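Below is one structure, written out as structure tokens; comments come after it.
In this note's numbering, the protein residues as written are 10 to 132.
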């Protein structure tokens, strides 16, 4: 059952990943919470919604991460290219776009193992 959020909680979630730049204290202020209202209380009541918003934020930046990886082909000598590539790969991994690895197994014949000898054979 979905939790009904107040207008203030909705605003907090909206600004958290935009104008507040992920800073929960700034988002709390921008959403109009009283300065003495504990940030931990906001976080506790919106924990599940913050996790979902985080997933959405990462997914929203997935295309930018993909473009960042491809841009390395155009400018492979740019400064910080290794760090940008690592960050882009990490974002794509977290949103479910993972590198696929294939394992090729080939056989050139049949390998026959000797019969198994057990301790209870009486030998």
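All C-beta atoms, glycine included, are put in the ideal place defined by N, C-alpha and C.
Please read these numbers as outputs of a predicted model, since none were measured by experiment.
Under a three-way DSSP split, which group does residue i fall into?
{"i": "residue 87", "result": "coil"}
{"i": "residue 29", "result": "coil"}
{"i": "residue 113", "result": "coil"}
{"i": "residue 82", "result": "helix"}
{"i": "residue 122", "result": "coil"}
{"i": "residue 35", "result": "helix"}
{"i": "residue 44", "result": "coil"}
{"i": "residue 77", "result": "helix"}
{"i": "residue 19", "result": "helix"}
{"i": "residue 108", "result": "coil"}
Quick check on this structure: which residue in the options has the alpha carbon closest to the alpha carbon of residue i?
{"i": "residue 103", "options": "57, 90 and 67", "result": "67"}
{"i": "residue 74", "options": "61, 106, 56 and 44", "result": "106"}
{"i": "residue 50", "options": "77, 13 and 18", "result": "18"}
{"i": "residue 21", "options": "93, 59 and 47", "result": "59"}
{"i": "residue 14", "options": "44, 55 and 124", "result": "55"}
{"i": "residue 61", "options": "23, 93 and 84", "result": "23"}
{"i": "residue 71", "options": "91, 85 and 100", "result": "100"}
On the DSSP letters alone, give me the boundaries of the alpha helix (DSSP H) that residue i sits inside.
{"i": "residue 12", "result": "Residue 12 -> no alpha helix (DSSP H), and no H or E assigned at all."}
{"i": "residue 64", "result": "56-69"}
Using 10 angstroms around the beta-carbon of residue i, count the other beta-carbons present and answer buried if the total reaches 16, otherwise exposed.
{"i": "residue 108", "result": "exposed"}
{"i": "residue 40", "result": "buried"}
{"i": "residue 114", "result": "exposed"}
{"i": "residue 53", "result": "exposed"}
{"i": "residue 82", "result": "exposed"}
{"i": "residue 46", "result": "exposed"}
So residue i and residue j are supposed to be a Cβ contact under 8 Å. How far apart are they, rounded?
{"i": "residue 97", "j": "residue 77", "result": "4 Å"}
{"i": "residue 33", "j": "residue 25", "result": "7 Å"}
{"i": "residue 48", "j": "residue 64", "result": "Wrong, their Cβ atoms sit about 22 Å apart, outside the cutoff."}
When every heavy atom of the ligand MG is checked, does at least one fall within less than 7 Å of the C-beta of residue i?
{"i": "residue 26", "result": "The ligand MG is absent from the structure shown, which contains no ligand whatsoever."}
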